[in-house]
Amino acid sequence: MIFVAIIIGCLIGALIGINSPIIPYTYSGYLAIAIIAALDSVFGGIYATINKNFDLKIFVSGFFGNAILSILLTYLGQKLNVDIYLAAIVVFVGRMFNNLAIIRRHYLNKFIEYREEKKKKDMDKKEV
Amino acid sequence: MKKIEFKVDNIAVSVVMFIVCVSLISVMFMQFKTVEETDITEIESMRETELRETLSEWKTKYEQTNEKLEDTKNKIEEYNQKMEKNEETSVLIDKELEQSKLNIGKTDVEGEGVVIKLNDNDDNDIIASDLIELINELRYAGAEAISINDIRIINSTEIVDLDNFSYISVGEQRLESPYVVKAIGNQTYLSSILNLKDSGYIDKYKNSGKSVEFETKKKVEILKYNGDMNYKYLEIEEDQ
Numbered sequence: 002m003i004f005v006a007i008i009i010g011c012l013i014g015a016l017i018g019i020n021s022p023i024i025p026y027t028y029s030g031y032l033a034i035a036i037i038a039a040l041d042s043v044f045g046g047i048y049a050t051i052n053k054n055f056d057l058k059i060f061v062s063g064f065f066g067n068a069i070l071s072i073l074l075t076y077l078g079q080k081l082n083v084d085i086y087l088a089a090i091v092v093f094v095g096r097m098f099n100n101l102a103i104i105r106r107h108y109l110n111k112f113i114e115y116r117e118e119k120k121k122k123d124m125d126k127k128e129v
Numbered sequence: 022m023k024k025i026e027f028k029v030d031n032i033a034v035s036v037v038m039f040i041v042c043v044s045l046i047s048v049m050f051m052q053f054k055t056v057e058e059t060d061i062t063e064i065e066s067m068r069e070t071e072l073r074e075t076l077s078e079w080k081t082k083y084e085q086t087n088e089k090l091e092d093t094k095n096k097i098e099e100y101n102q103k104m105e106k107n108e109e110t111s112v113l114i115d116k117e118l119e120q121s122k123l124n125i126g127k128t129d130v131e132g133e134g135v136v137i138k139l140n141d142n143d144d145n146d147i148i149a150s151d152l153i154e155l156i157n158e159l160r161y162a163g164a165e166a167i168s169i170n171d172i173r174i175i176n177s178t179e180i181v182d183l184d185n186f187s188y189i190s191v192g193e194q195r196l197e198s199p200y201v202v203k204a205i206g207n208q209t210y211l212s213s214i215l216n217l218k219d220s221g222y223i224d225k226y227k228n229s230g231k232s233v234e235f236e237t238k239k240k241v242e243i244l245k246y247n248g249d250m251n252y253k254y255l256e257i258e259e260d261q
């Protein structure tokens, strides 16, 4: 059910994105930051799922809140002539890599455990 | 990949995930498209500093072109002035040409002057030397143009007797009596010099028995010289 919703959502999103008009270049910078923030939230969500403390409210608020906040901060940076979007990118991408590393380790461990179990089972069968 | 492990309604989670995916993916694709498009249209993708640089470049180019335009305009002005000068000089040259023509007798002229008629009579014929003397006298008196029987007398006009004084050749044309000599010049000078008592031309010739008639006119017309003026042996000295 959830997976189907995700796949259909991705397809419809792609269709909308392809058929949408081009954004003016000045705004595409803000959008890029928003995308990075959203992706960070997604990976955070995956990490939370692995840790088994996923909260839909936190995920959704993080997803939209981070995006909007990052846009606002970038705008503020532009007004102040400070490249705040660089800080946002550093934070978001750094966290993304952290989360990815945790996810990778989790699934690697799972995979190794699975193989060891298989080996054990095979050994047991041979012994039997 | 996402495992939901709590007791939230599955449908609500699905709907939320659907919305999240749609928004994220659509925005991402929009961004991809924008980035691709702006790569093609360079100006929009340029940063402000780059734009400033190009702007200043164009400004300098504009200034240079403006300078060139100014130069060219000045040149055109110069050429125009030169052209005007040329026109002026051509007008001057035309005037000079007119003057030269007048000087050498290439134009019909008129003005106050005198008319002298010389006739052969029974006793005396008019000969070339009579005419030559008359013309000399006229020139001495300031005549500006002279003709004999409407043949203009210029520098090269000859006046000679031909066939043993039977007729006179003036400007390669044979003339016979009566000889009408017209002269343009100051009337009073001309008449006073010609009419000097005893020593003047009229008196002298009348006394020697030749028929001479003198007349002053307000308007004497003298035709232009009709012959050729080709010089075969003359060359303009170049050193001067």
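Heads up: the protein sequence lines correspond to chains A and B, in order.
Here the first sequence stands for residues 2 to 129, numbered as in the numbering used here.
Here the second sequence stands for residues 22 to 261, numbered as in the numbering used here.
For glycine and all other residues, C-beta sits at the position ideal for the given N, C-alpha and C.
As the structure is a prediction and not an experimental result, all values here were calculated from the model.
Scanning its chain for C-beta atoms nearer than 7 Å, with the 5 sequence neighbours on each side dropped, one finds around Ile85 (chain A) the residues Leu74, Thr75, Leu77, Gly78, in chain order. Using beta-carbon distances, Glu58 (chain B) counts as an interface residue toward chain A, with a partner under 7 Å. Residue state for Ala164 (chain B) is assigned as coil, using DSSP reduced to three classes. A buried status is given to Glu158 (chain B), since no fewer than 16 other beta-carbon atoms sit within 10 Å of its beta-carbon.
If you check the CB distance, Ala162 (chain B) and Ile205 (chain B) do not come in under 7 Å. Asp171 (chain B) and Leu255 (chain B) have their alpha carbons spaced roughly 28 Å apart. Val37 (chain B) sits in a helix when the DSSP states are folded into three classes. Contact of Asn107 (chain B) with chain A is not assigned, every C-beta pair being separated by 7 Å or more. Between the alpha carbons of Ile36 (chain A) and Phe53 (chain B) lies a distance of about 11 Å. Boundaries of the beta strand (DSSP E) harbouring Val136 (chain B): 130-140, taken from the DSSP string.
Ranking B:Thr75, B:Tyr188, B:Arg195, B:Lys238 by CA distance to the CA of Lys203 (chain B) puts B:Lys238 first.
For Asp41 (chain A), the CB contacts under 6 Å within the same chain, skipping 5 residues up- and downstream, are Phe93, Arg96, Met97 in chain order. With a threshold of 7 Å between beta carbons, Thr70 (chain B) makes no contact with chain A.
Contact with chain A is absent for Leu76 (chain B), since none of that chain's Cβ atoms lies less than 7 Å from the residue's Cβ. Looking at A:Thr27, A:Ile59, A:Ile8, the one whose alpha-carbon comes closest to that of Ser44 (chain B) is A:Ile8. With fewer than 16 neighbouring CB atoms inside 10 Å of its own CB, Arg195 (chain B) falls in the exposed class.
Note that the C-beta distance between Gly134 (chain B) and Val241 (chain B) is below 7 Å. In the DSSP secondary-structure assignment, Lys122 (chain B) is not bridged to any residue. Beyond the five residues adjoining it in sequence on each side, Lys111 (chain A) comes within less than 8 Å, by CB distance, of no other residue in the same chain. Exclusion of the five residues before and after Glu179 (chain B) leaves Ser190, Val191, Gly192, Glu193 as the residues of its chain whose Cβ lies within less than 8 Å of its Cβ. For the pair Tyr246 (chain B) and Gly132 (chain B), the CB atoms are not nearer than the 7 Å cut-off. Each of B:Glu109, B:Asp260, B:Glu236, B:Lys225 was checked against the Cα of Glu154 (chain B), and the nearest Cα belongs to B:Lys225. The residue from B:Asp146, B:Val181, B:Asn140, B:Tyr83 with its alpha-carbon nearest to that of Phe235 (chain B) is B:Asn140. When 9 Å is used as the limit between beta carbons, Gly18 (chain A) is near these residues of chain B: Ile46, Ser47, Val48, Met49, Phe50, Met51, Gln52, Phe53, Lys54, in chain order.
As a beta-bridge residue in DSSP terms, Leu196 (chain B) pairs with B:Ile189. Counting the other Cβ atoms within 10 Å of the Cβ of Val43 (chain A) gives 16 or more, which makes it buried. Put simply, the region 32-44 of chain B touches the region 7-27 of chain A. At least three CB pairs are less than 8 Å apart. Counting only residues of its own chain and dropping the five nearest sequence neighbours on each side, Asn216 (chain B) has a CB closer than 6 Å to the CB of Ile223. Around the beta carbon of Arg116 (chain A), fewer than 16 other beta carbons sit within 10 angstroms, so the residue counts as exposed.
The DSSP-derived three-state label of Lys240 (chain B) is strand. When 8 Å is used as the limit between beta carbons, Asn31 (chain B) is near these residues of chain A: Met2, Ile3, in chain order. For Val61 (chain A), the chain B residues whose C-beta falls within less than 8 Å of its own C-beta are Val37, Val41, listed in chain order.
One finds Val48 in chain B with Cβ atoms closer than 8 Å to the Cβ of Ala35 (chain A), taken in chain order. For Ile180 (chain B), the enclosing beta strand (DSSP E) stretches over residues 180-183. Taking the CA atoms as reference points, Lys116 (chain B) sits about 39 Å from Ile148 (chain B). DSSP places Val129 (chain A) outside any alpha helix (DSSP H), giving it a letter other than H or E.
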